Structures are given as C-alpha cells and as structure tokens.
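K.L.:
Chains as they are written, first to last, in the numbering used here: chain A, 1 to 275; chain B, 1 to 233.
1) Counting contacts by CB-CB distance shorter than 8 Å, is residue 212(A) in contact with chain B?
2) For the region 209–229 of chain A against the region 26–33 of chain A, are there 3 or more C-beta pairs whose distance is under 8 Å?
3) Looking only at its own chain, which residues have a Cβ that is under 6 Å from the Cβ of residue 102(A), when we skip the five neighbours before and after it?
4) What distance in whole Å lies between the Cβ atoms of residue 79(B) and residue 169(A), which are believed to be in contact at a cut-off of 8 Å?
5) Would you call the region 175–193 of chain A and the region 110–118 of chain B in contact, with 3 or more CB pairs under 8 Å?
6) With a Cβ-Cβ cutoff of 8 Å, do residue 146(B) and residue 91(B) count as a contact?
7) Taking residue 223(B) and residue 213(B) to be in contact with their CB atoms under 8 Å, please state how far apart those CB atoms are, rounded to whole angstroms.
8) Would you mind reading off the limits of the beta strand (DSSP E) that contains residue 12(B)?
9) Determine whether the Cβ of residue 170(A) lies closer than 8 Å to any Cβ atom of chain B.
10) For a contact meaning CB atoms closer than 8 Å, what does residue 79(B) contact in chain A?
11) Is the CB-CB distance between residue 21(B) and residue 210(B) below 8 Å?
12) Can you list, in chain order, the residues of the region 147–159 of chain A whose Cβ is nearer than 8 Å to any Cβ on chain B?
13) Measure the CB-CB distance between residue 24(A) and residue 100(A) and report whether it falls below 8 Å.
14) Less than 7 Å between C-beta atoms, sequence neighbours within five positions excluded: which residues of the same chain meet that for residue 36(A)?
15) Please specify which runs of the alpha helix (DSSP H), each continuous and at least 4 residues long, are wholly inside the region 145–181 of chain B, giving them in chain order.
16) When the Cα atoms are used, what is the spatial distance from residue 156(A) to residue 184(B)?
17) Using a C-beta to C-beta distance shorter than 8 Å, which residues of chain B count as neighbours of residue 221(A)?
18) Quick one: any contact between the region 148–164 of chain B and the region 59–78 of chain B, if contact means 3 or more CB pairs under 8 Å?
19) If the criterion is Cβ atoms closer than 8 Å, does the pair residue 131(A) and residue 213(A) meet it?
20) Can you look up residue 23(B) in the DSSP assignment and give me helix, strand or coil?
21) Could you spell out the range, first to last residue, of the beta strand (DSSP E) harbouring residue 57(B)?
22) Cβ of residue 44(A) within 8 Å of Cβ of residue 250(A)?
23) In three-state terms, what does DSSP make of residue 212(B)?
24) I'd like to know if residue 50(B) contacts chain A, where contact means its C-beta is closer than 8 Å to some C-beta of that chain.
25) So what's residue 87(B) in DSSP terms, helix, strand or just coil?
26) Write down the C-beta distance between residue 266(A) and residue 195(A) rounded to the nearest angstrom, noting that I regard them as a contact closer than 8 Å.
27) Taking CB distances under 8 Å as the criterion, tell me whether residue 218(A) reaches chain B.
28) Please go through the same chain and pick out, in chain order, the residues whose beta-carbon is closer than 7 Å to the beta-carbon of residue 40(B), but skip the five residues on each side of it.
29) Considering only residues of the same chain and omitting the five flanking positions on each side of residue 245(A), which have a CB-CB separation below 8 Å?
30) Mind checking if residue 191(B) is an interface residue toward chain A, Cβ cutoff 8 Å exclusive?
31) So, for residue 27(B): in the same chain, excluding its five sequence neighbours on each side, which residues have a beta-carbon less than 7 Å away from its beta-carbon?
32) Under a three-way DSSP split, which group does residue 142(A) fall into?
33) Any residues in the region 115–130 of chain B with a beta carbon nearer than 7 Å to a beta carbon of chain A? Which ones, in chain order?
34) I need the straight-line Cα distance from residue 216(A) to residue 134(B), nearest angstrom please.
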C-alpha cells in the first residue's frame with residue numbers, strides 16, 4: 001500500500017488529485033454533518049447539477065470554467081436555501097426542478113458544441129482535469145472553509161440543533177445559513193470536476209451518515225466524519241489507480257463499504273450496551 | 001418601567017389576522033401565563049415576543065435594560081430531530097452562544113454556568129448522555145437548562161408539559177416555579193392547562209384572537225371570562 005502511494009505521488013497529476021481531493025473531502029464532510037442533520041443534503045446534489053450546466057456553458061463560450069461556475073453556483077445556493085424556506089414550490093421539488101433543468105441545459109450545450117467526449121468527464125469526474133491553478137484555488141478555499149468552520153463551530157452546532165432557539169436568543173441565523181450554503185457551493189464546484197457532477201454529493205452525505213452510526217455526540221461525529229472522508233478518498237483513489245477504475249466511482253464504493261462497516265459497528269455496540 | 005410592554009399588537013399569517021388589540025406588560029419577577037383555546041394566537045404572540053415573526057402593527061418594548069440576547073426560550077420539543085447526535089452537555093452549553101459576541105470559543109465562565117444550570121435542573125449526572133436517548137421529561141429539563149444558560153432575566157416557555165405524563169408534568173411545574181421564585185427570573189408561559197396555570201402564575205393573559213383578559217390571577221378567578229373558562233376546563 002505504502003509503495004503504491006509513493007509510486008502514485010511520483011506522477012504530478014495524481015499527487016495533485018490526491019491533495020485536492022483529500023481537502024475537498026474534508027471540507028465536504030464537515031459541512032455535510034450540518035447539511036444532513038438539517039435535511040438539506042439534497043442541496044449539494046442540486047448545486048452540483050447547476051455547476052454542470054454552468055461548466056458546459058463556460059466551455060462552450062471558451063471562458064475560464066471556475067470564474068463562471070463559482071458565481072453561478074453561489075447564486076443558486078442562495079436561492080435554494082430561500083426556496084426551501086418559503087415559496088409556492090417546496091424544497092425537495094425545487095431542488096429537483098433546478099437540478100434536472102441545469103443538467104438538461106448542460107447536456108444540450110455540450111452536444112451543440114460538438115465535443116461529446118467531455119460529457120462523461122463532467123458527469124463522472126476525471127483526475128486529469130485538476131490543473132495547477134485549481135490546486136492553488138482548492139487549497140486556499142479549503143483553508144477558508146476550515147477556518148470558518150472552527151471559528152464558528154459552536155454557532156453552527158446551535159443552528160443545526162435548533163434554529164428557532166438560536167434565532168430567538170439573538171444569534172444571526174440568516175447570516176450563518178448563508179455562510180454555510182456559500183461554503184457548500186464553493187466546495188462543490190471545486191470538487192465537482194474531480195468527483196463528477198453525479199457523484200460529488202456522496203462526499204457530503206456518506207461520511208456524516210457513517211459517523212452518526214457509531215457516535216452520538218456532535219463533536220465526535222464531526223471529527224470521525226472528517227477522518228473517514230479523507231481515508232475513503234485516499235483508499236478510493238489508490239484502488240482506482242491499481243485496478244484502473246474510474247476515480248469518482250471508486251471513492252463512492254469505498255464510502256459505501258465504510259457505511260456498511262459503521263452500521264454493523266453501531267448495531268453491535270448498541271446491543272452490547274443493552275445487555 | 002416594565003420588563004416587557006406590548007402595545008396594540010396585531011399579528012397574522014398571509015393577510016389573515018390571528019391576533020389583534022393585545023395590550024399588556026410584564027414586570028420583573030412576574031410569572032405570566034398565556035391561556036386560550038387552540039388557534040387563539042398564543043404561540044403567535046410568543047413568536048412575536050421572540051422576534052421570530054414580525055408584527056403587523058403595534059410594538060413590543062423591552063425595559064429594565066433587557067437586551068434581545070438576554071431571553072431564554074423553551075421551544076416545543078417536537079421541533080428537534082429525534083436522532084440528533086448531541087450530548088446533554090453540548091446542548092446545554094449551546095445556550096451560552098448568545099453571550100459570546102464575536103468570541104469564537106466558550107470561556108471557563110460559560111462552562112461553569114452551563115454546569116450550574118444543569119445542577120439546578122438535576123441533570124448533572126446525565127452530562128455525557130446522548131440527548132436522543134433521554135425520556136421526554138429529561139429532554140425537557142435539558143432544554144430548560146439550555147434556556148437558562150441564555151438568560152438571567154426572562155424565560156419564555158411554549159407549552160412546556162405537552163406530551164409528558166402527570167408525574168413528570170408536576171415536576172416540571174415545580175421546576176418552573178423554582179426558577180421564578182428562587183432564581184428570580186421572570187417567566188412567560190403559554191399553556192392550555194388553565195387549572196395548573198391558576199395555581200402557578202401571578203398574572204394571566206387570556207387570548208381568543210384578541211385580548212379577552214389581562215390581570216392578576218386573583219382578578220382572573222373573579223372575572224366573567226375566567227369563571228366561564230375555568231368551569232369548562
């Protein structure tokens with residue numbers, strides 16, 4: 001295993017993919033705990049589809065992909081949160097409409113552009129797509145997410161646990177919800193090309209669900225899901241390198257295996273406590 | 001000056017008026033119970049006091065130096081996700097968030113206060129338990145301890161005994177009484193349990209989409225509204 005990783009690291013593009021992927025996984029897992037507990041986990045899915053549409057349009061117009069995608073997804077994240085709160089179309093249907101709509105736009109634009117080969121890279125991710133600029137952007141974004149998460153950890157807990165209480169006692173919940181959705185949007189855009197539009201939301205959902213099977217304290221859940229996400233990513237990428245599998249899908253499969261293990265572990269410990 | 005003054009309050013949902021012409025005031029140390037039928041606007045008024053919902057007209061004024069971030073709130077328990085992974089200590093401590101300003105972490109003082117409030121509520125031994133596995137009464141004590149972390153002046157309770165069995169209900173009322181008397185915290189409670197309210201509260205506000213009665217508990221027992229309502233209940 002160690003030798004394989006060493007061998008992988010000698011390829012610049014692979015080393016880059018591992019660094020970027022691990023950081024994105026870490027951030028996605030941290031935000032994921034809150035999103036899953038607030039029943040917003042499908043927002044990640046919706047945003048990645050919006051990102052796909054924006055990416056397709058950007059490449060058709062020969063514009064820099066991230067400079068177009070990030071603002072579009074930021075705006076979408078803002079509206080998705082608002083939509084869920086109060087509108088004629090309720091949250092889950094709103095997300096479905098926005099995601100399938102953007103997916104359709106993306107597919108049509110890509111096929112009009114004549115280069116169908118890119119489509120699969122967008123949908124399922126490609127480790128070759130991470131450029132040096134992406135690497136720098138990703139590292140800085142991840143550091144910002146980590147810093148904000150640590151500094152606002154206690155507020156994030158309060159808002160996740162009971163938003164009404166937080167608001168009633170004078171915490172600016174709207175501000176923090178906006179921060180959370182913006183961070184989510186950025187993490188998704190950065191991770192999207194590596195993991196693929198269809199698979200990026202797994203980074204948000206799987207680690208926190210797995211961690212919740214085992215632990216029943218918020219801090220423990222946050223820490224375990226952060227660790228699991230990075231481990232799953234590195235193992236998944238290594239597997240995809242060794243067995244020549246698609247990278248995004250391999251990471252998801254490892255996450256599924258971990259979820260299974262955590263569920264069994266959680267079940268067994270509960271049974272032992274009962275006795 | 002009163003701790004809280006409500007002047008000509010009018011509130012509603014989507015153009016429909018839920019509540020109108022509400023005028024009352026709460027002084028420091030009072031124990032006000034808001035009673036009325038389902039849909040009479042009790043919870044709506046509470047949301048207005050807590051600024052969770054804006055008023056159509058009229059205003060709430062805080063006096064005696066009460067700030068917006070000095071109100072403790074006990075919401076209805078069902079709003080919290082049943083399988084939420086959090087320890088009792090984490091939940092109680094989260095009540096201190098409104099005292100932090102822009103400080104990112106809790107101080108020793110915050111932690112001391114959280115432990116002290118847990119002791120008041122008799123849940124110190126549950127400190128490391130998971131909130132999700134507690135009984136309804138225990139959860140309510142945890143949420144009460146959290147509310148007390150957020151305030152030293154005013155505690156607002158929304159139907160605190162809903163879904164609790166009679167013995168736990170009695171304990172809960174004793175706790176609220178203790179908070180009001182021993183710790184000198186003003187209490188505003190919404191309840192449909194009028195009989196219990198009469199024994200506990202110093203003042204009664206009776207709503208029926210408008211203000212039907214406001215005054216001391218003694219006056220309420222002698223008023224025509226009170227007599228009629230107490231007979232039915």
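Idealized CB from N, CA, C, for every residue including glycine. All figures in this text were calculated on a predicted structure; none of them were measured in a lab.
P.N.:
Well, looking at it:
1) yes
2) yes
3) 49, 50, 53
4) Contact flag wrong, Cβ pair sits at about 15 Å.
5) no
6) yes
7) 6 Å
8) 4–13
9) yes
10) 162, 164
11) yes
12) 150, 151, 152, 153, 154, 155, 157, 158
13) no
14) 205, 208, 209
15) 166–181
16) 31 Å
17) 85
18) yes
19) no
20) strand
21) 57–62
22) no
23) strand
24) yes
25) strand
26) About 26 Å; that fails the 8 Å criterion.
27) yes
28) 207, 208, 209
29) 239
30) no
31) 2, 3
32) helix
33) 130
34) 12 Å
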